[in-house]
Structures are given as C-alpha cells and as structure tokens.
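Peer 1:
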Amino acid sequence: MRNILLPVLALACAGATGCGRSEVPTEPPPTPTRPPATIGSEPESAPQIEDVIAREPLTGSFSFEAYAYECNGRRVTVRPGDEELTLEVGERSIVLPQVEAASGARYAADDTVFWGKGMNSATLTLDGEEMTCELNRADTPWVDARARGATFRAVGQEPGWHIEVHPERLVMVYQYGERKVVVPNPGVVEDPDLPTRRWHSITEEHDLLLVAQDRACTDVMSGTMYPITAEVTLDGRNYSGCGRNLD
C-alpha cells in the first residue's frame, strides 16, 4: 500500500509563503485521484487539507509526493512510497521501510526512526538524537513541486494562482484552484542583461506567457520574500506574483 501522508493538515502554499487564498470552504474536499494512505491518524475533528495548504490552490488531488518538516530547527523532506519512506536531510537521503507500530506509522532502519503521529507532527531519531517534527505548511507545496519534477514555481493572488515549469509542460492553476491549464513547454528564452527568462506557449486553446525576472519580490498577503518576480499572461489576462527556482 502506498503510504502517502494523509492529507489532513498538509501544507501551505507557497502558502504561508504568501499566496493569499480564499477562506477554507465548508464543502468536503474532492475525492483524491489516488487513494491516500495514512501516516498515523488524526481525530475526526482535525482540520481538512485546505487549512493545511494555507490557501494554496491545488491541482485535483490532495495527495502529495513530498512534505516539508521542521525537526528541532532542521529542515527535513519526507517522500512517502510503497511501504517505505525516504528522508532527505541536508545532502543525505535515507530510505526507511515501514515497521509495525502500536499507533501511528513508524519507519525505521538501523538507528534512524521516523514515527508519524498524524499529518502535523512526528518524531525523528537520527544520529542518536531524538527530534520533534512539525509540518512546515509554507514549504510543503514547494518541495512537492520539486519532487514532481518542476524546476520553477511562482504564486500569486487576487485571485489565487500558481504556476509550475516542468521540462515538458507548463501547468497553471488559478481561480483559487478551480481552473487548470496545461500547455507544452516551448523552451526558455533568456535575456542575461535584465536578467529575465520567458516562456511563451501558444496552442489552439491558450496563449500563456510567463516572465520571471531576478528581482526581489514580497508577497503582499504574507510578507514572504522571494528572489524572483513573476508575471503571467494567460489568454490576455495578467497575473502578478513571486517565485523561486526549484532545481
């Protein structure tokens, strides 16, 4: 069974990193495109994933490829797999098989143990140190995008949107996650003097232009700082936001 962290309190968009989104809807979330497994369990009253996403618009499924945690001040990326879990700590990548646990979901190999007590918290034993881990809602959408192969991501609001650049395609989700456009990646055109990068994809249905400039950008909703200013024009409508490279 694939052990994907149960989307109960999952991330935040660039979220807390600022992508001002709409308030959490009272409607139940749509059925995931793939059945989510659990990493621990949450009480029935636990917030739904929309709360965790911190207003980050999603693309159909509430199951993620990777999650960001803060463990005693250390950044840890968790990538669930089939009855195993991969930890990325600094330059290290550690694969842990799932083992029996009285509660929650426990992954262990040698002296390294990741024990999920629900989506929001876990304990990690690494190099003889036991750490308490908390889900980083702001960073999770970014590590998830990178795990899915994206090399650049940008977010904005009013209305909420985000865009990802993949080697073969550009994916834009907008109207607070209600709409999604996927177009071929036409290749990037760089202007080193600005410096600016442009992706302009034209299909029979859509005209999408993404311009990313290496200029500091501050999200107006969260105050989060980004190294890149992003401008998107989709079918004649302009969207402004901030982004960063993922590769």
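Following our numbering, the numbering of the sequence shown begins with 512 at its first residue and continues without gaps. Every residue gets a Cβ at the ideal spot worked out from N, C-alpha and C, and that includes glycine. As the structure is a prediction and not an experimental result, all values here were calculated from the model.
Compute the Euclidean distance between the alpha carbons of residue 652 and residue 578, then round it to the nearest angstrom.
Peer 2: Taking the straight line from one Cα to the other gives about 8 Å.
Peer 1: Quick one: what does DSSP say residue 658 is sitting in, helix, strand or coil?
Peer 2: Of the three classes helix, strand and coil, the one that applies to residue 658 here is helix, per DSSP.
Peer 1: Sort 590, 580, 668, 748 by Cα distance to residue 649 and report the nearest one.
Peer 2: Of the candidates 590, 580, 668, 748, the one whose C-alpha sits nearest the C-alpha of residue 649 is 580.
Peer 1: Using a 10 Å radius around the Cβ and a threshold of 16 neighbouring Cβ atoms, would you call residue 695 buried or exposed?
Peer 2: Residue 695 comes out exposed.
Peer 1: So is residue 664 buried or exposed if we call it buried at 16+ other beta carbons inside 10 Å?
Peer 2: Counting Cβ neighbours within 10 Å, residue 664 comes out buried, since at least 16 surround it.
Peer 1: Please state whether DSSP places residue 547 in a helix, a strand or coil.
Peer 2: For residue 547, the predicted structure reports a pLDDT of 38, less than 50, and the residue's modelled location is therefore unreliable. A value from the coordinates is still provided. Of the three classes helix, strand and coil, the one that applies to residue 547 here is coil, per DSSP.
Peer 1: Hey, out of 676, 669, 599, whose CA is closest to residue 637's CA?
Peer 2: It is 599 whose Cα lies nearest to the Cα of residue 637.
Peer 1: Exposed or buried, what is residue 743 when buried is set at 16 or more other beta-carbons lying within 10 Å of its beta-carbon?
Peer 2: Burial call: buried.
Peer 1: To which residues of the same chain is residue 632 closer than 8 Å at the C-beta, ignoring the five residues directly before and after it?
Peer 2: For residue 632, where only same-chain residues beyond five positions count, the Cβ hits under 8 Å are 643, 644, 645, 646.
Peer 1: Is the separation between the beta-carbon of residue 462 and that of residue 745 shorter than 7 Å?
Peer 2: Within the shown structure, residues of the chain are numbered from 512 to 758, placing residue 462 beyond reach of any answer.
Peer 1: Does the structure place the stretch 613-632 close enough to the stretch 685-702 that three or more beta carbon pairs sit under 8 Å?
Peer 2: In short, these stretches do not touch, since the Cβ pair count stays below three.
Peer 1: DSSP state of residue 608, grouped into three classes?
Peer 2: Residue 608: strand per DSSP, three-state reduction.
Peer 1: Is DSSP giving residue 695 helix, strand or coil here?
Peer 2: Three-state DSSP puts residue 695 in a strand.
Peer 1: Mind checking residue 657: buried by the 16 CB within 10 Å criterion, or exposed?
Peer 2: It counts as buried.
Peer 1: Give the secondary structure of residue 652 by DSSP, where H, G and I count as helix, E and B as strand, and everything else as coil.
Peer 2: DSSP places residue 652 in helix when its eight states are reduced to three.
Peer 1: Using a 10 Å radius around the Cβ and a threshold of 16 neighbouring Cβ atoms, would you call residue 630 buried or exposed?
Peer 2: The residue in question, residue 630, is buried, as its Cβ has 16 or more Cβ neighbours within 10 Å.
Peer 1: For residue 758 and residue 610, I'd like the C-alpha separation in whole angstroms.
Peer 2: So the two alpha carbons sit approximately 33 Å from each other.
Peer 1: Considering only residues of the same chain and omitting the five flanking positions on each side of residue 607, which have a CB-CB separation below 7 Å?
Peer 2: The answer, listed in chain order, is 595, 596, 598, 618, 619, 620, 623, 625.
Peer 1: At the level of alpha carbons, what is the spacing between residue 702 and residue 709?
Peer 2: Roughly 8 Å separates the two Cα atoms.
Peer 1: By DSSP's criteria, residue 637 is part of a beta bridge. Which residues make up the other side?
Peer 2: Paired residue(s): 640.
Peer 1: Suppose you measure from the CA of residue 684 to the CA of residue 672; what does that come to, to the nearest Å?
Peer 2: Approximately 5 Å between the Cα atoms of the pair.
Peer 1: What's the gap between the Cα of residue 570 and the Cα of residue 727?
Peer 2: Legend: pLDDT at residue 570 = 36, less than 50; position of this residue unreliable, value from coordinates given subsequently. So the alpha carbons of these two residues sit roughly 27 Å apart.
Peer 1: Could you give the residue range of the beta strand (DSSP E) that holds residue 721?
Peer 2: Residue 721 -> beta strand (DSSP E) spans 718-724.
Peer 1: Taking 7 Å as the threshold (C-beta atoms), are residue 739 and residue 754 in contact?
Peer 2: Yes; because the gap between Cβ atoms is below 7 Å, this pair is in contact.
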